[in-house]
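Numbered by the working numbering, the letters in the sequence shown go through residues 62 to 204 in order.
Note that the Cβ used here is the ideal one computed from N, Cα and C, for glycine as well.
Predicted model, so just to flag it, every value in this text is computed and none were measured.
Structure first, then comments.
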Amino acid sequence: MDKDLFAKFIQTISLSTIQPTKIDIECSGEIPNGEVSLQISWRMMYPNNEPYRIVDNNFQLAPMFDISISYENQIVYSHKSIFQIVMLIIDKEVFDELLKDEEIISYFKDKQILKTLWPIIRQQVLDGLSRLSLPPVSLPWIV
62 MDKDLFAKFI QTISLSTIQP TKIDIECSGE IPNGEVSLQI SWRMMYPNNE
112 PYRIVDNNFQ LAPMFDISIS YENQIVYSHK SIFQIVMLII DKEVFDELLK
162 DEEIISYFKD KQILKTLWPI IRQQVLDGLS RLSLPPVSLP WIV
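Encoded structure:
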């Protein structure tokens, strides 16, 4: 991917809003205290196969995160959340041209959005675990 074109794309938008629109947590078992071997699985996707929308002069994405924590191959905690991300398009002409580049858009929605939201997701999981009286489990770093 052309890093200069990606940087140019980033300059055509300005982050306006990051808002969770749905958070669903569930406890279906117990996580023992102390050092135990847990399996963490996660994925980010875009519901309804619509990775983005353009409404008026706003570029909108609604990624969903699906995270599960398992102990001894049994899911003990699950977390699903959907976010509404709104970015103001500040240079419509350049934005529209770069939006045609599938590599730029793919990188933006799959990598940039993930890196932007991951700290928020990590905190939501910790909060969800606490609300369900489960011990804290930190999600891994995203590199």
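### Message
Can you give me the C-alpha to C-alpha distance between Ile84 and Ser142, rounded to a whole angstrom?
### Response
Here residue 84 corresponds to residue number 23 of the sequence shown, with the count starting at 1. Here residue 142 corresponds to residue number 81 of the sequence shown, with the count starting at 1. Whole-angstrom Cα-Cα distance: 4 Å.
#### Entry: Residue from Arg104, Ile182 and Leu193 whose Cα sits closest to the Cα of Glu209
In the structure as shown, the chain begins at 62 and stops at 204. Residue 209 is therefore absent and cannot be evaluated.
### Query
Measuring CB to CB, does Phe67 end up less than 9 Å from Phe169?
What you label residue 67 is simply residue 6 of the sequence shown in a count that begins at 1. What you label residue 169 is simply residue 108 of the sequence shown in a count that begins at 1. Yes, these two residues count as a Cβ contact at 9 Å.
### Beta-carbon separation (whole angstroms), Tyr138 vs Leu200, contact threshold 8 Å
For this step, residue 138 is matched to residue 77 along the sequence shown. For this step, residue 200 is matched to residue 139 along the sequence shown. Contact flag wrong, Cβ pair sits at about 11 Å.
### Query
For Leu149, which beta-bridge partners are listed by DSSP?
Sequence index remark: in the sequence shown, residue 149 carries index 88 (1-based). Ser75 and Asn119.
### Message
What residue range does the beta strand (DSSP E) around Leu99 cover?
### Response
In the sequence shown, the residue the question calls residue 99 occupies position 38. Residue range Leu99 to Met106 is occupied by the beta strand (DSSP E) that includes Leu99.
#### Entry: CA nearest to the CA of Asp117, picked from Gln135, Ala123, Phe70 and Ile150
Translated into positions along the sequence shown, residue 117 becomes position 56. Considering only alpha carbons, the answer is Ile150.
### Query
From Leu187 to Val198, what does the alpha carbon distance come to, in whole angstroms?
Here residue 187 corresponds to residue number 126 of the sequence shown, with the count starting at 1. Here residue 198 corresponds to residue number 137 of the sequence shown, with the count starting at 1. Straight-line measurement puts the Cα of Val198 at about 7 Å from the Cα of Leu187.
### Query
Roughly how many whole angstroms lie between the Cα atoms of Ile165 and Leu159?
Along the sequence shown, one-based indexing puts residue 165 at 104. Along the sequence shown, one-based indexing puts residue 159 at 98. Each residue's Cα considered, the two are about 7 Å apart.
### Bounding residues of the alpha helix (DSSP H) (the contiguous stretch that carries Tyr168)
In the sequence shown, counting from the first residue as 1, residue 168 sits at position 107. Tyr168 -> alpha helix (DSSP H) spans Glu163 to Tyr168.
### Task
List the whole-angstrom C-beta distance separating Gln80 from Phe120, where the pair is believed to meet the contact cut-off of C-beta under 8 Å.
Looking up residue 80 in the sequence shown gives position 19. Looking up residue 120 in the sequence shown gives position 59. Gln80 to Phe120, Cβ: 15 Å. No contact.
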